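J.: Pasting a structure here, questions to come.
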Amino acid sequence: MKHRLSFGYFTLLSENIVEVTIDEGVELSLEMIEECDAFFKAHIFGDFGMLINRVNDYSYSYEAQLTLGSYQGLKAIAFVYYSEQSKTLVDNIQQTRRHDKLNSRIFSGLELEWQQALQWLQGELKENDQQVIGNLIQG
C-alpha cells in the first residue's frame, strides 16, 4: 500500500518493510524526519526495515543526517542508489553515523540489486526475530 507524505512516497512492501522514495530536489529536513516517525508509529507495529530507493536526486540537512535511522523499532536500512553522486551521499551519511552502528547496507539499482536489498532486509528482520525469541526463552 502506497502512502503520500509531503516530500515523497512510503510503500508498505510487507507488514514490517517500508520502501521510501523521496521526491526529486528535496532537502530532507528534521521536520520531515519527524513526519516519517509519525508515519511509522501509525502504520508499523514492532520491528521494521526501510528500503530507501534513491531513484531521485535529493539531499539531507545536517540535522536530518544525524537523526535518520533513529526510529523506534528500526532494525535495518537498505539504500538503493542509481548514481555515483547518490552513492557518495549515502557513504557520507554512513560515515557521519558510524558511531551509532546503524545496520545498513548499500545496493546498486544500476546493477538491478533492488530485489537483493529487499531480501537482505527480510533476512535481517528474521535474524532479529530469532534473537528476540532466544532472549525471551533465556528470560
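Going by the working numbering, 123 is the number at position 123 of the sequence shown; the sequence numbering is gapless.
We treat Cβ as the ideally placed atom computed from N, Cα and C, and that holds for glycine.
Keep in mind that this is a model prediction, so the values were computed, not measured.
1) Measure the beta-carbon distance from Thr67 to Ile33 and round it to whole angstroms, keeping in mind my assumption that it falls under 8 Å.
2) Spatial neighbours of Asp57 within its chain, please: C-beta separation below 8 Å, excluding the five flanking residues on both sides.
3) Please report how far the alpha carbon of Leu30 lies from the alpha carbon of Ala64, in whole angstroms.
4) So within the segment 7 to 61, which uninterrupted beta strand (DSSP E) runs reach at least 3 residues, ignoring any that extend past its ends?
5) Taking the Cβ atom as the reference point for each residue, do Gln46 and Leu125 lie within a distance shorter than 7 Å?
6) I'd like the span of the beta strand (DSSP E) that includes Ser104, first residue to last.
7) Which stretch, first to last residue, makes up the alpha helix (DSSP H) that contains Lys87?
8) Any contact of the segment 89 to 106 with the segment 72 to 81, i.e. 3+ C-beta pairs under 8 Å?
9) Among the candidates Thr96, Ile52, Arg98 and Val18, whose CA atom is the shortest distance from the CA of Phe107?
10) Going straight from the alpha carbon of Glu35 to that of Trp120, what length do you get?
11) Distance, Cα to Cα, Phe28 vs Gly8?
12) For Arg105, which residues from the same chain have a beta carbon less than 7 Å from its beta carbon, with the 5 sequence-adjacent residues on both sides left out?
13) Just verifying my parser: in three-state terms, what is the DSSP assignment at Lys2?
T.: On the basis of the coordinates in this document:
1) 5 Å
2) Only residues of its own chain outside the window of five on either side were considered, and among them Glu24, Gly25, Ser83, Gln85 and Ser86 have a CB closer than 8 Å to the CB of Asp57, listed in chain order.
3) 5 Å
4) Listed in chain order, the complete beta strand (DSSP E) runs (minimum 3 residues) inside the segment 7 to 61 are 8 to 14, 17 to 22 and 48 to 54.
5) Just to set this straight, residue 46 is Gly in the shown sequence, not Gln. Going by beta carbons, Gly46 and Leu125 fall outside the 7 Å limit.
6) Ser104 to Ser108
7) Glu84 to Thr96
8) yes
9) Ile52
10) 26 Å
11) Per the sequence shown, the amino acid found at residue 28 is Leu instead of Phe. Roughly 10 Å between the two C-alpha positions.
12) Ala78 and Trp120
13) strand
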